[in-house]
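Protein chains: 2
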Amino acid sequence: MSVAVDRDVRDLGEFRFDCGESVPSLAVAYEAYGEFDGDNAILVCHALTGSQNVATHRSGRGAADDADTIDAPHDPAGQAGAWWNDIVGPGKAVDTTEYYVVCANVPGSCYGTSGPASEAPDGEPWGTDFPPVTVGDWTRAQRRLLDDLGVGRLHAVVGGSVGGMNALDWAQRYPDDVRRVVPVAAAARLDPQCLGIDAVARRAITSDPNWNGGDYYGDEQDRPDQGLGLARQLGHVMYLSKASMADKFGRRSAVRGGSAGGELFPADPGAAFFPYRDVESYLDYQAESFVDRFDANSYLYLTRAMDDYDLAEGYESDAAALGAFEGEALLLSFTGDWHFTTEQSEALAEAFRESEVPVAHHVVDSDHGHDAFLVEPERVGPPLRDFLSEGVEGKAVSDTAEDDEDVGGSEYAPVHNSLFSG
Amino acid sequence: MSVAVDRDVRDLGEFRFDCGESVPSLAVAYEAYGEFDGDNAILVCHALTGSQNVATHRSGRGAADDADTIDAPHDPAGQAGAWWNDIVGPGKAVDTTEYYVVCANVPGSCYGTSGPASEAPDGEPWGTDFPPVTVGDWTRAQRRLLDDLGVGRLHAVVGGSVGGMNALDWAQRYPDDVRRVVPVAAAARLDPQCLGIDAVARRAITSDPNWNGGDYYGDEQDRPDQGLGLARQLGHVMYLSKASMADKFGRRSAVRGGSAGGELFPADPGAAFFPYRDVESYLDYQAESFVDRFDANSYLYLTRAMDDYDLAEGYESDAAALGAFEGEALLLSFTGDWHFTTEQSEALAEAFRESEVPVAHHVVDSDHGHDAFLVEPERVGPPLRDFLSEGVEGKAVSDTAEDDEDVGGSEYAPVHNSLFSG
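Protein chains in written order, with the UniProt record's numbering: chain A, 1 to 422; chain B, 1 to 422.
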């Protein structure tokens, strides 16, 4: 199947951020797949360290044109590249032969959209002089990009993790512009446990002497790789679960060589007597590959945006924030996810119900933790596909409210001995 | 009530560690409360960063003698001091008018017992040349200290957290020497999630340039306070729970002043737009007070000992490891604890049952996370008191096996959406 692909960076001109500061020129890198027919646009919102490169579409203009044309300081490599390839594409759940699918790298990130690593008007990288960004800034930048692309009302906004917060922000901020909204593994706000871990992660970055107050972009300067690597390791702990870590690693020693600490962290003589475990090897590998693809200041900026997001801000409640939205909502959550819990999605479902929005909360039984929304496409795809075409009445779409026995039951509700309680 | 108090440091002479290395002279700092009658000794094992200073006993020899005589590089201040004051003391659950209660600072720590910060034979601090330590080393050092004090068989060994592993090691290593064993909020081994977080914490320390390969004790040298502070913050995230963090902090902004990052971590210009939250303020405060009382190398050493501990090592199973133990066991666990879970204590109870040891697993319903064993004395005290005097038949002692309905039920068993599953 031939699907048109548009990969580009748009200059949206002057952009004023929620903080009150402006940049004279906001560049936004995006990818768009398929043909816009006036009514079939879907915006996909990426997660914290994701990119606009949702899927590995070959260019419709032939393989020779398939070169990546993004003027990005880092290419969307590794886990940022084709991050939802099993979900978005020709014939897939978000079918690019049917829908016009747009994904844009968020302001503050580092895959071609303006952020701390971008060039400021003075020709130097912005560093921490780049204005602080919010999820609301992301939404407003996406709105302007879509205007630029000639897209008015969206058929749907779909996003995972903080991308799901981005999707929620669309339903609150531009309620008339969205027919269907799909926050996947998301929440109305982050809980204090995750706020705490994010705060530690940021301190790991700013404590790295190479961070240097955010000024480390010079050719002669070392990057704060150790701090950023530590931050990423904490992220991965949040993305997995006790069950998935037990399955993946157990307490096994790593076969892969290397001293405890891998390549990135200093060797520790006292460690020599003890095994270098699989779980350490995994975390070290994740840290090492992440620092090659992501900017440390962007990590500070984007985690702050995530931590700051609160659907109810400026309203009396989540339900009030969603009061003007007249579309339908599908919430997808995963039982093993402690970063964005099933309980949080259920609270969100209640808010939609209270504001009389047709909503379905589809709970996926999974041990894969937060990563489930990326690694369980066969369970995410069917409800998403059917919701996009049929709404909450879609065949594969289930809802927690369908069976009152389940609501408050052990399947997903808060249990006392759980981290999810409270 | 007058209770004799003995605070001292014993030189146990040459000590060979599990790793094969020896030190010519192992100093062990201890406190002992009450009078030994030949049959009433209880060993209390402290947690990771605890000390021998279990409780605030005044000296039986009069207030004038009450000065702390411990020759410790750091006094057991802050949370290391009088850490179980509500449990141990005259008339308390571990009644020092009835029992002779001994607690010793473990090898590798920094409260007077030999460790990386102690002086090596060459007159310089050991640093990372101090031999790696294991929980087994702790037990063997305690055995030698007790020999020195004239104590043979113990009435009981009681310990919380990794101190509970220490207590388990007693039951396995010296089965004839212990009548009753009480692992509190403990486990037969740490799970991979906690292993991962500990590994990140150690990397935070070794990445701090002031750590300097473990050589930072010089008067002119800065200490690796930022790395140790980050490690401690990760510890506190593990000690709390989602519920307790929601209760304590919510998403509130801190009243206490200070830029994001507190005093210890560099200011971040990009943070100015966002609130400094209660949860951050708490974590920064914990980091700041911890670095004043604990040694970074000790933190590396003791977390490695904890991570390495495995009751079944050298045996076919946990039950086999406990096969020679002929005493009784009380396991205390807390429903909100995800560092050492109720499920892990239940697995341990099964191992005791399989090896035909009279055992009770007393589950305390608590939202306080792992900290519960320290902050819920009114719920820990009664079963502990009754077990010490009556064994598993003690009145306030409950057991999960008493009600089969509960075993595997929602009260504490693994639930699918829990971090504790798997």
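Ideal Cβ placement from N, Cα and C applies to all residues, glycine included. Note that the coordinates shown come from a computational prediction; the quantities given were computed from them, not determined experimentally.
{"Query": "Rounded C-alpha distance that separates A329/A from V359/A", "Result": "5 Å"}
{"Query": "Interface residues of chain B facing L234/A [CB-CB closer than 7 Å]", "Result": "V200"}
{"Query": "Neighbour flag for R251/A against chain B, beta carbons, 9 Å", "Result": "yes"}
{"Query": "For I197/B, the first and last residue of its enclosing alpha helix (DSSP H)", "Result": "192-207"}
{"Query": "Given P116/A as reference, the closest of D215/A, V157/A, D247/A once Cα atoms are compared", "Result": "D215/A"}
{"Query": "Chain-ordered chain A contacts of D191/B [CB-CB under 7 Å]", "Result": "K242, A246"}
{"Query": "Same chain only: Cβ atoms within 8 Å of V151/A, ignoring 5 sequence neighbours per side", "Result": "F36, A41, Y100, V102"}
{"Query": "Beta-carbon spacing of A262/B, T128/A below 9 Å", "Result": "First, the residue type needs correcting, since residue 262/B is Gly and not Ala in the sequence shown. Contact flag unset, no."}
{"Query": "Which listed residue (P382/B, V44/B, P377/B) has its alpha carbon closest to that of W170/B", "Result": "V44/B"}
{"Query": "Validate contact between the region 293-307 of chain A and the region 122-138 of chain A using beta carbons, cut 8 Å, 3 pairs", "Result": "yes"}
{"Query": "The region 271-283 of chain A: positions lying closer than 9 Å to chain B by Cβ", "Result": "A271, A272, F273, F274, P275, R277, D278, V279, E280, Y282, L283"}
{"Query": "Inter-residue CB distance, residue 441/A and A80/A (contact presumed, cutoff 8 Å)", "Result": "The displayed coordinates of chain A run from 1 to 422. Any statement about residue 441/A would go beyond what the structure contains."}
{"Query": "Min CB distance V237/A to chain B below 9 Å", "Result": "yes"}
{"Query": "CB contact below 9 Å: F15/B versus chain A", "Result": "no"}
{"Query": "Delimiting residues of the beta strand (DSSP E) encompassing D11/A", "Result": "5-11"}
{"Query": "Any chain B beta carbon closer than 9 Å to I197/A", "Result": "yes"}
{"Query": "Per-residue contacts from T128/B into chain A (C-beta, under 8 Å)", "Result": "D268, P269, G270"}
{"Query": "Alpha helix (DSSP H) runs contained entirely in the region 236-277 of chain A, provided each spans 4 or more residues", "Result": "242-248"}
{"Query": "Neighbour list for D308/A in chain B, Cβ cutoff strictly below 9 Å", "Result": "F273, F274, P275"}
{"Query": "Any C-beta of chain B under 9 Å from that of F290/A", "Result": "no"}
{"Query": "Unbroken stretches of the beta strand (DSSP E), 3 residues or longer, contained in the region 303-336 of chain B", "Result": "328-334"}
{"Query": "Within-9 Å CB hit, N85/A to chain B", "Result": "no"}
{"Query": "Spatial neighbours of E124/A in its chain, beta-carbon cut-off 6 Å, leaving aside the 5 residues before and after", "Result": "none"}
{"Query": "Pick from D365/A, G381/A, T341/A, R379/A that is closest to R189/A, judged by C-alpha positions", "Result": "T341/A"}
{"Query": "Listed by chain order, chain A residues near T206/B by CB distance under 7 Å", "Result": "G261, F265, P266, D268"}
{"Query": "Three or more C-beta pairs below 8 Å linking the region 143-162 of chain A and the region 6-22 of chain A", "Result": "yes"}
{"Query": "Contacts of Y301/A in chain B (Cβ-Cβ under 7 Å)", "Result": "G270"}
{"Query": "Paired residues, beta bridge with L154/B - DSSP", "Result": "V178/B"}
{"Query": "Strand pairing of D95/A, partner residues [DSSP]", "Result": "G89/A"}
{"Query": "Any chain A beta carbon closer than 9 Å to W211/B", "Result": "yes"}
{"Query": "Rounded distance between the beta-carbons of H339/A and Y239/A, thought under 8 Å", "Result": "6 Å"}
{"Query": "Anticipated Cβ contact below 8 Å, A204/B with G218/B, distance rounded", "Result": "In fact, because the Cβ distance is near 22 Å, the residues do not count as touching under 8 Å."}
{"Query": "Chain B within 9 Å of W338/A, Cβ atoms only", "Result": "yes"}
{"Query": "At least 3 beta-carbon pairs within less than 8 Å: the region 181-198 of chain A vs the region 345-358 of chain A", "Result": "yes"}
{"Query": "Burial state of D122/B (16 or more Cβ within 10 Å)", "Result": "exposed"}
{"Query": "Residues that G214/A contacts on chain B, provided the C-beta gap is smaller than 8 Å", "Result": "D268, P269, G270"}
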